[in-house]
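To convert, note that position 284 of the sequence shown is 324 in the working numbering; the numbers rise steadily by one, no gaps.
Scroll down for the structure; my scribbles are underneath it.
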Amino acid sequence: MNRANSHDDLYSSARSMDSVVSRSLGGGNGPHMSGVGIFFQQESDGKVYVKTIVSGGSAERDGRVRVGDVMCGVDGRDVIGEPVSVLRSLLLGHEGSSVVLTFARAVEAGVDGADADSSLGNTVIAKFDVELLRGSPEYFARMDQSRRYESEMQDLRQQLKQTLGEEKEIAEEIERVKRVLQLERGASARREKEMEDIRSSHIREVAALTEACRRAEQVRREAIGRLAPVQSREQDMSEELARMKEKDRLRKEYVDELRKRHEDEASRLEAQLSKEQRARREEQAARMEVERELAKARQGLRKEMEYQRIITEQDKVYRERSEKMKHKLKDMLDAAEAQNSITRDIEEATANMQDDFASARAAAGTAAVQ
C-alpha cells in the first residue's frame, strides 16, 4: 500500500464500526501498573489510532497528542500492525516511569516540528515523538497535591525562621535595656555620693561662717563695752569696727554666694533627675513596644500552630513533621514567658530606682532649707 492510500485509510470518514475493536490502553493493571491516559482503537487493517484522551491523564497534561493520531512506535520500536495485546504490554508500566510514543498525523505542508513521511496535496503525514509519564489521573492529582504541600511546608519553614529571628532580636533588645539600666544604676549611685559630699561641704562651710559671725558679733560687743573707758582709742576702734563690718559684709556675700551655688547645684540635679525620668519613660515606652511586638509574635505563633493542625488533618503524611513544629512553637512560647518575667524584673528595678531618686531629691531639698 503506497503512502497516499495510507493517508486515506488513516483519516477516512467512513470507518466501519463493525470491523474495529475498542481497546483501553490507558488504564492500569493493579495498584502499581498504569498507562498514559489514552484510549486507542484498532482498525481491521491493523492500524491503531487515538480514540479518547483521558481527562487528567498524562497525555492530556502534555497536550501534544490529539484524537485521531496514529500510533507508530513505542520506545523506538515500530508497532504498526502489532496486535493490541502487544501494545498494551509495551504501554503499561509502573507509575512514575516514562515511555516515548511515536505518532503520525496529517498536517499542512510547511509546518515545522515534525518529520514528514509522505504528502498528499497540501497536507503531509508527519511523525513526532512524545515522552509521557505513566500514571493514573489520581496519581498525578496526588503528585500535584504533594508538590503543593511541599510548597506550603516551605512557606511554614520560612515563617518559622522569621519568627525565630524576631524572637532573637527581642531578646537582644531586652539585654540591651538591662545593660542600660545597670549603667544608669551606677551613675545614680555616683550622683548620690556627689550630692552627699556637696551637702556635707555646705554644712561645714555654713557652720564655719556662723561661728565667724558669732565671734565677730562678740568682738563688736566687747569693743562697744570697752569704748567708754577707752575714749583715746575711739578712732582706732572705729576703724577696726569698719574693717570688721567689711569682713562681715564679705562673709555675708560669701554665704550668699555659697547659697546661690547650692541652689544652682540643686537646680542642676533636679534637671538631671527630670532628664533621667524622661529617659525612664522612653525606656518604658520601648518596653511596651517590645511587649507589643512579643504579643504579635505570639499571635503569629498561634496562627502557625492552627494552620499546622489543619494541614495535619488534611494529610496524614505530614503528621509527624507537624508534631515536631508544634513542640518547637511551644518552646518558643515558654521562652517568651521567660522574657516576660525578665521584663517584669526590669520594671521592678526601675521603680526602685525612681524611689531612690525621689529620696535623694527630698534630702537635697531639706539640706537647701537648712
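Beta carbons: idealized from backbone N, C-alpha and C, even for Gly.
Computed from a prediction, not measured in an experiment: that's the story for all the values here.
Expressed to the nearest angstrom, what Euclidean distance is found between the alpha-carbon atoms of residue i and residue j?
i: Arg254; j: Ile214; result: 59 Å
i: Met73; j: Gln82; result: 22 Å
i: Ser56; j: Ser84; result: Residue placement at Ser56 is poorly supported in this model, since its pLDDT is 31, which falls under 50; the coordinates still yield a value, given next. Roughly 9 Å between the two C-alpha positions.
i: Glu148; j: Arg106; result: 15 Å
i: His367; j: Asp374; result: 11 Å
i: Ile243; j: Ser381; result: 45 Å
i: Val330; j: Ile238; result: 40 Å
i: Lys285; j: Ser278; result: 10 Å
i: Gln202; j: Asp184; result: 27 Å
i: Glu232; j: Arg216; result: 24 Å
i: Leu196; j: Gln348; result: 9 Å
i: Leu141; j: Glu190; result: 31 Å
i: Glu316; j: Arg188; result: 56 Å
i: Ala402; j: Asp395; result: 11 Å
i: Glu100; j: Gln194; result: 29 Å
i: Arg318; j: Gln339; result: 31 Å
i: Val168; j: Ala146; result: Note on identity: in this sequence residue 168 is Phe, with Val being the wrong assignment. So the alpha carbons of these two residues sit roughly 11 Å apart.
i: Ala311; j: Asp304; result: 10 Å
i: Arg273; j: Ile264; result: 12 Å
Pop quiz: residue i and residue j are said to be a contact at Cβ under 8 Å. What is the actual Cβ separation, rounded to whole angstroms?
i: Phe397; j: Ser228; result: 7 Å
i: Ile386; j: Leu221; result: 6 Å
i: Ser129; j: Arg174; result: Rounded, the Cβ-Cβ distance is 13 Å, inconsistent with contact.
i: Ala144; j: Val170; result: That pair is no contact at about 12 Å.
i: Leu341; j: Leu369; result: 5 Å
i: Leu281; j: Arg261; result: Not quite, the Cβ-Cβ distance comes to about 11 Å (not below 8 Å), so this is no contact.
i: Val90; j: Gly108; result: 6 Å
For residue i versus residue j, is the C-beta distance shorter than 8 Å?
i: Gln379; j: Ile210; result: yes
i: Leu3; j: Met235; result: The question about residue 3 has no answer, for the chain in this structure spans 41 to 410.
i: Glu207; j: Met365; result: no
i: Glu344; j: Leu200; result: yes
i: Thr383; j: Arg320; result: no
i: Val88; j: Ile78; result: no
i: Val164; j: Val76; result: no
i: Tyr294; j: Leu334; result: no
Quick check on this structure: which residue in the options has the alpha carbon closest to the alpha carbon of residue i?
i: Ser186; options: Glu331, Asp169, Ala337, Lys356; result: Lys356
i: Val114; options: Glu192, Val126, Glu257, Thr383; result: Val126
i: Ala252; options: Phe180, Ala181, Arg291, Ala375; result: Arg291
i: Ile351; options: Arg219, Glu192, Thr142; result: Glu192
i: Glu257; options: Glu274, Gln275, Arg283, Asp276; result: Arg283
i: Lys336; options: Ser307, Leu204, Glu279; result: Leu204
i: Phe180; options: Ala326, Phe80, Arg384, Asp102; result: Asp102
i: Gly86; options: Tyr347, Val119, Asp296, Met328; result: Val119
i: Gly405; options: Thr142, Phe168, Ser307, Arg188; result: Ser307
i: Lys300; options: Leu334, Val246, Lys287; result: Val246
i: Glu346; options: Glu363, Leu334, Lys315, Asp395; result: Glu363
i: Gly96; options: Gln198, Glu178, Arg327, Ala407; result: Glu178
i: Gly133; options: Leu172, Phe168, Glu100; result: Leu172
i: Gln166; options: Arg219, Cys112, Glu122, Gly116; result: This sequence places Ala at residue 166; Gln is not what is there. The shortest Cα separation from Ala166 among Arg219, Cys112, Glu122, Gly116 belongs to Cys112.
i: Glu323; options: Ala407, Ser399, Gly265, Lys218; result: Lys218
i: Glu212; options: Arg327, Gly116, Gly121, Gln275; result: Arg327
Runs of 4 residues minimum, wholly inside the region 84-171: which ones carry the alpha helix (DSSP H) assignment?
98-102, 124-131
Where in the region 306-370 do unbroken runs of the beta strand (DSSP E), each at least 3 residues long, occur, reported from the N-terminal end onward?
none
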